[in-house]
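Residue numbers (my numbering), protein chains in the order written: chain B, 1 to 497; chain P, 1 to 135.
Note that the Cβ used here is the ideal one computed from N, Cα and C, for glycine as well.
What follows is a short report on a single structure.
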């Protein structure tokens, strides 16, 4: 957990100047380390990275102008998200601090003093560690950031207190440390002010950390979405381009994701089948693959059943499918008899029994399809009757309106059962096919079905990518154009439809 | 397709009528189911029942249809049917009970079972055995 957070925080540091505080370079050269005390000593404004930047900047400018100071002001002027906390060893801070303690009288260094004491908070920790100081510092402050942005200051104070104890071996040690150094200056008021400043600094650190984490998660999410999009495009599936505005029900979104994953696995199965058929492997092994394919289809029908229960309209309208697929949808899927018509000529060496079985299967599925279509037609009619009941142009009669809508809603519920029956029909057809045909023939069937749908999806993306300006020219082009070639080969497939 | 004349059951026929009204719903279901080769219990407004009827008509079968909503004792029959069908692994508890199909006095089930039987090729032999189909 710590390491990861460290990475995140380190990742956000951008080197803008040679004097940038680089967290990821553990082996900083001594020269830089030596240089920093100078900055600290002369420019207390630089220490404002612990807390409120603006206030420190103001005080910094009051202290006078010199080249080092300008540089520090530039450091101070950088966006707060980049400079979170120092990573240099704190031992040298003793010196500048004592130097500053002399000038406590001036008001402009009061805030600097407070910020310095904040540096003090971190320093006792780092001083105690021999090596990996940088990590220690980070770990200390990371502990602050283990809490959400929403924490109030009181909670943050109480919560960070034990965390400091965890790492630093007691917050009181710090307090001792600060009082030890500040014995001249610390009266209760100053102590209270210091504590308040510490809290303010902690709050701002928490906010910065939360912001950074939000950015990181957003970035990761964006990467994921881009990957999905790329994967989907390579398969010819148009994601995002085909979802209607009102189509973002959770069931629909989840189905789209699961369906994309199903398509991924489907393409893997197709490749497996292809290689298995070409390799002429044993029937037993091929049978296992075929059974897996069948199970895979069953899984799809199960997913569709879940979708039908949660959002039947998403299933019905075919918004999960590509545009060309949508044109050929029959009850939100493939039409079993059409698939059979397409497959039978490709399975040429069929025995008489198989031929009869396939013919009967085709006929019975046609009858079932017809029955379902008739039932659905009646459902549409009854739904239309329910919605159109009563006077339509009289001005809505509220009492009747609600009962009317309730009736229509009731009728709508029956939609789900029709789509489930249609899926049941498809599932039964596939299983029956498996029974009639040999393993090899069934494998070829699954391959054909998969390839057919893949081509249909590819057609969508090709159509979407066609050059529209050259439309007139393309018409005159001979059939060497790729779109036309694909179109013609698809037409042969569509002849059975 | 014949629609059983339900009102015939309510003509006062004396002791015979009293005896038939004492009959339990399940017994009545079974009696009705064995009266005809193909019996379909349905509801007049149900579209899935319409689909089942269309399926049988398309095959050339003429089932006897009992509309439960037109039967004064229809509710009991529906409950009895639900109990009978429940053991058959119906789709879901929220799904309506009807249509329920009996062939040759034996329960086949709801639409999903009927369709599965038809695709499997087991429906036609069943119908032929029950005498509902000749070819």
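Query	Result
C-alpha distance - residue 189/B paired with residue 228/B, whole-angstrom precision	58 Å
Environment of residue 369/B [buried if 16+ CB atoms lie within 10 Å]	buried
Chain C within 9 Å of residue 104/P, Cβ atoms only	Here chain C cannot be found, since the structure's protein chains are B and P.
Interface flag, residue 414/B vs chain P, CB-CB below 9 Å	yes
Residue 50/P in three-state terms, based on DSSP	helix
Beta-carbon contacts of residue 323/B that lie in its chain and below 6 Å, excluding the five residues immediately before and after	460
Any C-beta of chain B under 9 Å from that of residue 28/P	no
Listed by chain order, chain B residues near residue 54/P by CB distance under 8 Å	370, 371, 374, 375
Residue 134/P versus residue 233/B: straight-line alpha-carbon distance, rounded	54 Å
CB contact below 9 Å: residue 361/B versus chain P	yes
Inter-residue spacing [alpha-carbon to alpha-carbon] between residue 375/B and residue 41/P	16 Å
Continuous beta strand (DSSP E) stretch holding residue 76/P: start and end	It is not in any beta strand (DSSP E) - residue 76/P instead sits in the alpha helix (DSSP H) that spans 74-86.
For residue 23/P, three-class secondary structure by DSSP	coil
Proximal chain B residues relative to residue 82/P, where beta-carbon distance stays under 9 Å	What residue 82/P touches in chain B: nothing, since even the nearest Cβ is about 16 Å away.
When 284/B, 282/B, 339/B, 205/B are compared against residue 453/B, the one with the closest alpha-carbon	339/B
Three-state secondary structure (DSSP) of residue 56/P	helix
Proximity test, Cβ basis, 9 Å: residue 301/B and chain P	no
Pairwise C-alpha distance: residue 372/B and residue 341/B	19 Å
Through-space distance from residue 442/B to residue 434/B, alpha-carbon basis	6 Å
Where the region 111-131 of chain P meets chain B: residues whose CB sits under 7 Å from a CB there	111, 112, 115, 116, 118, 119, 120, 121
Cβ-Cβ separation, residue 354/B to residue 437/B (assumed contact under 8 Å), whole Å	6 Å
Residue 304/B vs residue 419/B beta-carbon contact at 9 Å	yes
For residue 107/P: DSSP bridge partner residues	102/P
Identified DSSP bridge partners for residue 38/P	103/P
Assigned exposure category for residue 248/B - 16 Cβ within 10 Å defines buried	exposed
Cβ-Cβ distance between residue 328/B and residue 427/B below 9 Å	no
Three or more C-beta pairs below 8 Å linking the region 277-291 of chain B and the region 248-262 of chain B	no
Three-state class that DSSP yields for residue 120/P in the structure shown	helix
Inter-residue spacing [alpha-carbon to alpha-carbon] between residue 116/P and residue 277/B	30 Å
CA-to-CA distance, residue 262/B to residue 347/B, given in whole angstroms	27 Å
CB contact below 9 Å: residue 428/B versus chain P	yes
Selection from 43/P, 85/P, 52/P that minimises the alpha carbon distance to residue 72/P	43/P
Residues sharing a beta bridge with residue 66/P, DSSP	41/P
Boundaries of the alpha helix (DSSP H) in which residue 280/B is found, first to last residue	No alpha helix (DSSP H) holds residue 280/B; DSSP gives it neither H nor E.
Helix, strand or coil at residue 388/B according to DSSP, with G and I counted as helix	coil
Cβ neighbours of residue 124/P in the same chain (closer than 6 Å, five flanking residues each side left out)	none
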